[in-house]
Amino acid sequence: MKSLLNIAAIGFIAFFGLGRFERGMIWPLDPNYVSPEHAGVTAQEHRMVMRDRTEVITWTAPPAAGKATILYFHGNGGNFANRAWRYQWFIDHGYGLVAMSYRGSSGSAGTAVERKILSDAREVWDQISQLTGSHDSPVVIYGESIGGAVGTGLAVGLQDNPRLAGLILEAPFTSIPDMIRQEFPQFRHLLFALKNRFPTEDRIRNITTPLLVLHGTDDRVIPFRMGRAVFQAAASPNKQFIEVPGGGHDNTWQTNPVAGLEQFLSGAVTSATED
84 MKSLLNIAAI GFIAFFGLGR FERGMIWPLD PNYVSPEHAG VTAQEHRMVM
134 RDRTEVITWT APPAAGKATI LYFHGNGGNF ANRAWRYQWF IDHGYGLVAM
184 SYRGSSGSAG TAVERKILSD AREVWDQISQ LTGSHDSPVV IYGESIGGAV
234 GTGLAVGLQD NPRLAGLILE APFTSIPDMI RQEFPQFRHL LFALKNRFPT
284 EDRIRNITTP LLVLHGTDDR VIPFRMGRAV FQAAASPNKQ FIEVPGGGHD
334 NTWQTNPVAG LEQFLSGAVT SATED
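Take the sequence shown: its letter number 85 is residue 168 in my numbering, and every next letter is one higher.
Following this line, the structure appears as structure tokens:
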């Protein structure tokens with residue numbers, strides 16, 4: 084089966100080019116618009132116009148007193164609707180929420196590429212007080228799968244910002260080139276041409292923010308060892324790793340790491356308010 088997939092990938096590149104192959108592999112996003120109401124999330128929708136005039140959709144909710152705001156970057160599969168229950172969990176537990184969709188996903192315009200996604204993430208960060216109505220709530224970045232690469236890329240530029248209280252990475256990879264070397268080793272000579280690299284393992288060496296990494300031991304998309312490598316490379320003196328026994332790539336929460344997640348969030352808020 085894998086050899087057939089490799090042949091298909093080679094044929095796709097030959098016919099359509101490396102750029103389209105890269106987009107299809109890294110950003111297989113669902114472009115369909117979904118509203119918070121339709122997804123069952125008690126959040127507001129905001130349509131942000133980015134610097135290049137591209138419209139990007141966010142879902143937001145204000146934090147309760149004494150609670151952090153979660154800046155959530157989702158994975159590359161599906162759209163907002165696939166994470167609706169997670170968003171609502173945070174809201175139900177009093178956390179503020181800012182969930183950013185990617186270009187080409189959930190009704191947002193444009194085409195996803197690392198440089199623009201990281202620029203969008205920074206613009207959302209810069210507007211987080213206006214989006215949530217809270218000017219002092221500590222912010223914890225939550226990155227799921229490729230969202231962990233986005234969150235890390237944002238956090239590395241915020242190390243002097245006292246409002247950043249924590250970074251949570253769920254099933255992170257070390258880098259896009261590492262993923263391609265694993266899944267498509269026959270294309271390793273094309274790595275120099277990638278527009279999306281997301282060197283998470285390298286970037287996290289420059290991040291001292293409190294860190295929590297979650298990873299399922301049976302993840303067949305992003306290997307468990309990559310989550311471990313990211314954790315070990317992290318410079319943060321306050322870092323935790325939650326190993327989810329039997330957890331796959333999409334069911335990490337269903338195997339109940341929530342107690343550790345809440346403990347980390349509580350500690351991050353306490354540390355932020357004491358500093």
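Each residue gets a CB set at the ideal place from its N, CA and C atoms; glycine is no exception.
Considering just the uninterrupted stretch of the beta strand (DSSP E) at residue i, what are its terminal residues?
| i | result |
| --- | --- |
| K322 | K322 to V327 |
| R130 | Q127 to V132 |
| V222 | V222 to E227 |
| F270 | Note, F270: premise wrong, no beta strand (DSSP E); not H, not E. |
| I251 | L247 to E253 |
| T143 | E138 to A144 |
| T152 | T152 to F156 |
| H298 | L294 to G299 |
Cutting at 7 Å between CB atoms, please list the residues of its own chain near residue i, excluding the five before and the five after it.
| i | result |
| --- | --- |
| R246 | P221 and V222 |
| L237 | L201, A204, R205, W208 and I224 |
| N159 | I109, W110, P111, L112, S228 and I229 |
With respect to the alpha helix (DSSP H) encompassing residue i, which residues constitute its N-terminal and C-terminal limits?
| i | result |
| --- | --- |
| V181 | Segment G179 to M183 is the beta strand (DSSP E) holding V181; no alpha helix (DSSP H) there. |
| Y170 | A167 to D175 |
| I200 | E197 to D209 |
| G310 | F307 to A316 |
| D243 | Counting along the chain, D243 falls outside any alpha helix (DSSP H), and DSSP gives it neither H nor E. |
| H121 | P119 to A122 |
| R286 | T283 to R286 |
| D261 | I259 to E266 |
Determine the burial state of residue i: buried for a count of at least 16 other Cβ atoms within 10 Å of its Cβ, exposed for fewer.
| i | result |
| --- | --- |
| E197 | buried |
| H218 | exposed |
| V313 | buried |
| A144 | buried |
| P146 | buried |
| N289 | exposed |
| R308 | exposed |
| N115 | exposed |
| T283 | buried |
Under 6 Å Cβ to Cβ from residue i, same chain only, skipping five residues before and after it: list those, please.
| i | result |
| --- | --- |
| L297 | E253, I325, T335 and P340 |
| G343 | I325 |
| K278 | V196 |
| P119 | A126, E128 and W142 |
| I251 | Y225 and L295 |
Between residue i and residue j, how many whole angstroms is the CB-CB distance? I'm expecting something under 8 Å.
| i | j | result |
| --- | --- | --- |
| S228 | I305 | 7 Å |
| P260 | G231 | In fact, because the Cβ distance is near 16 Å, the residues do not count as touching under 8 Å. |
| I211 | T152 | 7 Å |
| G331 | D302 | 6 Å |
| G179 | T215 | 5 Å |
Would you verify that the beta carbon of residue i is, or is not, closer than 9 Å to some beta carbon of chain C?
| i | result |
| --- | --- |
| L274 | Although the question refers to chain C, the structure presented lacks it and comprises just one protein chain. |
TODO: Could you tell me whether the segment 318-329 touches the segment 257-277, using the rule of 3 or more Cβ pairs below 8 Å?
DONE: no
Open item on the list: Taking 8 Å as the cut-off, does the segment 229-244 touch the segment 341-349 (at least 3 CB pairs, one atom from each stretch)?
Closed with: no
TODO: Kindly confirm or deny that the segment 278-293 and the segment 121-141 touch, where touching means at least three C-beta pairs closer than 8 Å.
DONE: With the cut-off at 8 Å, the segment 278-293 and the segment 121-141 do not touch.
Open item on the list: Across the segment 170-185 and the segment 119-132, are there enough close Cβ pairs to call them in contact, namely three or more that are closer than 8 Å?
Closed with: yes
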